[in-house]
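The structure appears below as structure tokens.
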Ligand SMILES: Nc1nc2c(c(=O)[nH]1)N[C@H]1C(S)=C(S)[C@@H](COP(=O)(O)O)O[C@H]1N2
Ligand SMILES: [Mo]
């Protein structure tokens with residue numbers, strides 16, 4: 001935990017990591033990690049170590065192709081422009097019930113300690129694929145942001161309008177893809193923000209430049225085209241309030257495999 005936090009603090013320029021903080025930063029950080037969100041800390045201590053791991057596979061099990069499903073390419077101009085610039089201007093925002101908002105570049109995410117895992121993705125439509133995913137764990141990023149009291153859910157806002165029409169309503173409009181997890185899954189060791197599939201940067205179809213991998217759950221939880229992470233006390237403000245694009249349309253929010 002501490003090792004991760006140190007790495008994170010080293011990897012991220014102070015100005016980005018500690019938005020708006022001053023000389024009290026050090027205290028502030030320690031407090032956030034150890035005690036500030038009492039509830040969050042309590043949850044973390046209660047939950048760590050209790051969760052089982054999703055099965056991991058061998059390199060020889062990797063599927064020759066990883067099918068693209070749902071959105072193949074976001075059509076909205078913002079994402080199109082970011083893609084045209086090789087995502088140099090893309091930022092992952094971390095906001096909501098945090099002590100410090102983060103604004104992370106891809107090089108910063110790649111500079112964090114990385115986890116690589118070969119897992120099986122199961123889509124409710126009846127297909128599966130085994131792929132090798134690489135990226136930083138979500139947990140140290142959330143710890144760097146510092147969860148505030150009341151934090152219960154981590155919400156992931158995506159760049160794509162599932163309908164395939166250019167989105168005019170922004171990240172929280174009704175037809176934008178989004179997903180969410182509770183803190184158990186958010187802090188699970190296999191929950192990573194993947195920028196790499198099978199040793200290649202994520203393709204457009206598979207969710208460039210960054211996607212969620214939450215390996216104990218079904219395919220639709222694996223949000224592609226990540227733009228923003230919001231720490232929230234309720235799912236009500238997002239979409240139709242059921243915690244995800246497909247949950248809003250009748251799928252289970254907790255999609256355990
Ligand atoms: N942003 C976004 N994330 C998404 C989807 C999508 O359409 N948009 N589809 C979901 C579904 S149903 C599945 S099975 C997987 C598909 O991921 P893949 O295209 O890499 O196979 O992404 C999930 N995450
Ligand atoms: Mo799916």
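Numbering (the numbering used here), first residue to last: 1 to 257. Cβ coordinates follow ideal geometry from the N, Cα and C atoms, glycine included.
Burial state of residue i, where buried means 16 or more other Cβ atoms lie within 10 Å
| i | result |
| --- | --- |
| residue 160 | buried |
| residue 215 | buried |
| residue 198 | buried |
| residue 207 | buried |
| residue 90 | buried |
| residue 53 | exposed |
| residue 81 | exposed |
| residue 239 | buried |
| residue 107 | exposed |
| residue 74 | buried |
| residue 96 | buried |
| residue 153 | buried |
DSSP-derived helix/strand/coil call for residue i
| i | result |
| --- | --- |
| residue 242 | coil |
| residue 135 | strand |
| residue 90 | coil |
| residue 106 | helix |
| residue 147 | strand |
| residue 128 | strand |
| residue 80 | helix |
| residue 21 | Legend: pLDDT at residue 21 = 34, less than 50; position of this residue unreliable, no value from coordinates given. |
| residue 180 | strand |
| residue 220 | helix |
| residue 115 | strand |
| residue 55 | coil |
| residue 230 | strand |
| residue 97 | coil |
| residue 141 | helix |
| residue 209 | coil |
Reference residue i, options the options, closest by Cα
| i | options | result |
| --- | --- | --- |
| residue 87 | 60, 247, 225 and 249 | 225 |
| residue 57 | 236, 116 and 150 | 116 |
| residue 149 | 183, 196 and 85 | 183 |
| residue 259 | 144, 227 and 256 | The chain is shown from 1 up to 257; residue 259 falls before or after that span and cannot be answered. |
| residue 233 | 210, 195, 151 and 202 | 151 |
| residue 63 | 132, 82 and 74 | 132 |
| residue 59 | 252, 111, 245 and 119 | 119 |
| residue 223 | 176, 55, 189 and 125 | 176 |
| residue 94 | 65, 230 and 74 | 230 |
| residue 71 | 251, 203, 254 and 250 | 203 |
| residue 110 | 127, 128, 200 and 205 | 200 |
| residue 68 | 96, 112, 121 and 189 | 121 |
| residue 188 | 178, 170, 139 and 153 | 139 |
| residue 237 | 83, 171 and 190 | 171 |
CB-CB length for residue i against residue j, believed under 8 Å
| i | j | result |
| --- | --- | --- |
| residue 156 | residue 180 | 7 Å |
| residue 141 | residue 61 | Contact flag wrong, Cβ pair sits at about 29 Å. |
| residue 195 | residue 146 | At roughly 23 Å, the Cβ-Cβ gap does not stay under 8 Å, so residue 195 and residue 146 are not in contact. |
| residue 144 | residue 102 | 7 Å |
| residue 158 | residue 219 | At roughly 14 Å, the Cβ-Cβ gap does not stay under 8 Å, so residue 158 and residue 219 are not in contact. |
| residue 251 | residue 162 | So it is not a contact: roughly 13 Å between Cβ atoms. |
| residue 217 | residue 186 | Not confirmed; about 12 Å, so no contact. |
Own chain residues within Cβ distance below 7 Å of residue i, not counting five before or after
| i | result |
| --- | --- |
| residue 114 | 134, 135 and 136 |
| residue 105 | 91 |
| residue 46 | Summary for residue 46: the model assigns pLDDT 42, below 50, so the residue's position carries little reliability; its value from the coordinates is reported in the next sentence. Counting only Cβ-Cβ distances below 7 Å, and skipping sequence neighbours, we find nothing. |
| residue 253 | 242, 243, 244 and 247 |
Neighbourhood of residue i by C-beta distance below 8 Å, restricted to the same chain and skipping five residues each side
| i | result |
| --- | --- |
| residue 241 | 235 and 248 |
| residue 66 | 121, 129, 131, 197, 198 and 206 |
Cβ shell of residue i (< 6 Å), same chain only, five flanking positions each side left out
| i | result |
| --- | --- |
| residue 192 | 115, 135, 137 and 213 |
| residue 221 | 179, 214 and 255 |
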